[in-house]
Structure formats: C-alpha cells, structure tokens
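First comes the structure, then the notes that go with it.
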Amino acid sequence: MVMQEKLVQLRKEKGLTQIELAEALNVSRQAVSKWESGGALPATENLIFLSKLYGVTIDYLVNDEGERPVPTETKEAGASENRNRKWVIGVVCGLIAVIMIAAVGIGAAIMQSQREPEVLDFSMLEKEDWNGLETDVIHMEWE
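Going by this note's numbering, the first residue of the sequence shown is number -1, and it counts up by one from there.
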C-alpha cells in the first residue's frame, strides 16, 4: 500500500474528516487532500504528528512495502504502567521507612521515660570531702 492510501485509511479509521485533520495539524484542507491524492508529501513535523495520532511509525507511513506494525500507543501504555508501578513502589518504600523511623523514635522515648530518675541528695554533699577540703559551697555548672 502506498503512502496516500495509508493516510486515507488511517484518517478514516480515526473517524476524522480532512477538515478536522487539517485543523489538528494547523494546515489547510487542501494540503491534506494533496497528501491523500499523492500530489504532495507532508513535511517532517506533520509526519511526526500523523504517526503519533495514528499510532504507527513514520517508517510505516513513508514506505510502500511492509505490514502495519503494533500501534505505538500500546508500547507507550506499557511504559506508562511501568513508570506508575515504580512510582507506587517508591512511595510505599518511603512510607515504610518513615513508619520504621517513627517506631524507633517512639521506642526510645518510652525507654527513656521508664528509667528511674537520678535523685541527687544535697544533704550528702554538705558533708563530702572534695579533694581533701571541707566545703560548704559547691559550684555547679549546668549544660
């Protein structure tokens, strides 16, 4: 099948008129008509748009020989599913990490709260001998 026949067939399969296709491509209806009648060839950027619109390769459009390949939409859908799956896995792993960090923090807080507080009996300090010196005054620094 030659290119102009392919263009007509693909456009009709999509249910588009020449005018609708021309508007989508921002070209005149006459340009689309010339492509489909073999009077002219679409520019490269139009071929790219047509291949994406119809879900075929540019190679399929321009070569007279060859069978219609698997639509590129199917390939893109599979790639999109893989990207979505990877994103979901990443989010789940991130949530698990956050939960684990929170659990460790909560466990540490519980352990800290269950420890016996250290009680300092200042009456014992009054009678202590600091480096061999009796003292009534103790200088303390707090951090």
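Glycine is no exception: its CB is placed at the ideal position from the N, C-alpha and C atoms.
Everything numeric in this text was worked out from a predicted model, so none of it was measured.
Distance from the CA atom of Val30 to the CA atom of Thr55, rounded to whole angstroms, is 19 Å. Residue environment analysis places Leu48 among the buried positions, since at least 16 neighbouring C-beta atoms fall within 10 angstroms of its C-beta. Three or more beta-carbon pairs separated by less than 8 Å are not found between the segment 36 to 44 and the segment 99 to 108, which leaves the two stretches without contact.
In this structure, the beta-carbon distance from Val6 to Asp62 does not fall below 7 Å.
Taking the CA atoms as reference points, Ser35 sits about 8 Å from Glu3. In the three-state scheme derived from DSSP, where H, G and I count as helix and E and B as strand, Asp57 is classed as helix.
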